[in-house]
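Enquirer: Dropping the structure in here first, questions after.
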Amino acid sequence: MADGTVVDGEAVAVELRPARLGSRMLGFVVDLSLQLAFGLAVATVVVPLTLPRSAAFGRGVLVVATVLVFVAAPVLVETLTGGRSVGKLALGLRVVRVDGGPIGFRHALTRALVGLAVEWPGLLVPPVSWLLCLGVMVGQRSGRRLGDLAAGTLVVHERSPQSWGWVPAMPVELAGWAQRLDLTALDDQLANTVRHYLARNRRIGEPARTRLGLALASQVAAQTTPPAPPGTPGWAYLAAVVAERHRRSLHRQAVRRGIAARILAEPAPDPAPALSPAGNGARGGRGFTVPPVP
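Going left to right, the sequence shown walks through residues 1 to 294 as the UniProt record's numbering numbers them.
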């Protein structure tokens, strides 16, 4: 990774905007407040149970409660949400692998264990370990903490306009339908693959171009609703999905940048590139239509 550029499993260079100390600290404050509330709720239940017992029993319960609050809960949340805690979601951040892919249980567990030991709460010499962790984050352009270094992860600004590159324009006849699209289940890697396909499909010979377009359209149709209008050309369907996803991303980023600009000193990202007409490189796949969803 150099200057926020990684190469994913498809050998495609992807631009990422690493989240640095300012935005990460804001997200941490949100997560910390929830952790403290959760810890208080656990203590409210646990303390009355430990008072009549022995000191050894109380210490054991304290260990279990600490692991539950600072390890089990964060690992569960990051694993199920693909690297988005509540604080990260509020700030538009996400934990990814250093190659840009989604994290798994192993990555989330490593981050949580390192955090418990030396970051937060930092059971090993807290004041010293806290300063060490801040120094590590400030000293890196990518803003990675010790847990990230151990797990091979990176926290990035999710769907930054800088990372989009070429984006197809919305086919006019699908604009109304696209506004009703539910894109919450659409995988980031699949969406990025579709965008690259649309940008480069004129360089792909037949019949490979049509086969790839059909495969991508089938995968996208399985992850989005409602289905495309009957008879929609495959290139138009894929272009509409990517363009609508980009439009929503720009809207979210504009809202978040407006909030961050009043709080953080981080530089704003470069302006998003102008949309290109779908006909300039996206119509090469018009030989197929969107397959029905099984």
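Ideal Cβ positions, reconstructed from N, Cα and C, are used throughout, including at glycine.
Could you work out which residue in R94, V61, R59 and F28 is closest to A17 when comparing CA atoms only?
Expert: According to the sequence as given, residue 17 is Arg; it is not Ala. It is R94 whose Cα lies nearest to the Cα of R17.
Enquirer: Can you give me the Cβ contacts of G122 inside the same chain, cut-off strictly under 7 Å, excluding the 5 residues immediately before and after it?
Expert: Cβ neighbours of G122 beyond the five flanking positions: S129 and W130.
Enquirer: Please state whether DSSP places R180 in a helix, a strand or coil.
Expert: Looking at R180 - three-state DSSP - the assignment turns out to be coil, as it is neither helix nor strand.
Enquirer: DSSP three-state label for V125, please.
Expert: Three-state DSSP puts V125 in coil, outside helix and strand.
Enquirer: For chain D, check one thing: does any of its Cβ atoms lie closer than 7 Å to the Cβ of L181?
Expert: No chain D appears in the structure shown, which is made up of a single protein chain.
Enquirer: If you follow the beta strand (DSSP E) that L93 is part of, which residue opens it and which one closes it?
Expert: First-last of the beta strand (DSSP E) with L93: L93 to R97.
Enquirer: Taking 7 Å as the cut-off, decide whether the C-beta atoms of L146 and V194 are in contact.
Expert: No. Outside cutoff.
Enquirer: Closest to R245 by CA distance: which of L40, S218, A117 and A178 is it?
Expert: Of the candidates L40, S218, A117 and A178, the one whose C-alpha sits nearest the C-alpha of R245 is A178.
Enquirer: If V98 sits next to L154, beta carbons under 8 Å apart, how far is it from one beta carbon to the other, in whole angstroms?
Expert: About 5 Å separates the two Cβ atoms, so the contact holds.
Enquirer: Helix, strand or coil for P226, going by three-state DSSP, please let me know.
Expert: Of the three classes helix, strand and coil, the one that applies to P226 here is coil, per DSSP.
Enquirer: Leaving out five residues on either side along the sequence, give the residues of the same chain with a beta carbon under 7 Å from the beta carbon of G58.
Expert: Excluding positions up to five away in sequence, the list reads T50.
Enquirer: How should A185 be labelled, buried or exposed, when 16 other C-beta atoms within 10 angstroms of its C-beta is the threshold for buried?
Expert: Label assigned to A185: exposed.
Enquirer: Looking only at its own chain, which residues have a Cβ that is under 7 Å from the Cβ of G83, when we skip the five neighbours before and after it?
Expert: Only R94, V95, V96, P102 and I103 meet the Cβ criterion.
Enquirer: According to DSSP, is V255 part of a helix, a strand, or is it coil?
Expert: In this structure, V255 counts as helix in the three-state DSSP scheme.
Enquirer: Helix, strand or coil: which one does DSSP assign to L40?
Expert: L40 falls in the helix class under three-state DSSP.
Enquirer: Just confirm the distance between the C-beta atoms of R180 and P226, as a whole number of angstroms; I'd bet it's less than 8 Å.
Expert: R180 to P226, Cβ: 6 Å. Contact.
Enquirer: Per DSSP, L154 forms a beta bridge with which residues?
Expert: Answer by DSSP bridge pairing, in chain order: V96.
Enquirer: For S233, which three-state DSSP category applies?
Expert: Note on residue identity: the sequence assigns Pro, not Ser, to residue 233. P233 falls in the strand class under three-state DSSP.
Enquirer: To the nearest whole angstrom, what separates the beta carbons of V21 and V138, a pair I think is in contact under 8 Å?
Expert: One detail in the question is off: residue 21 reads as Leu in this sequence, not Val. The Cβ separation is near 6 Å, so the contact holds.
Enquirer: Buried or exposed for F28, going by 16 or more other Cβ atoms inside 10 Å?
Expert: F28 is buried by the Cβ-count criterion.
Enquirer: If you drop the 5 nearest sequence neighbours on each side, which residues of the same chain put their C-beta closer than 8 Å to that of D3?
Expert: Since pLDDT at D3 reaches only 46, below the 50 mark, its modelled position is unreliable, and the value read off the structure follows with that caveat. Result list for D3: R141, in chain order.
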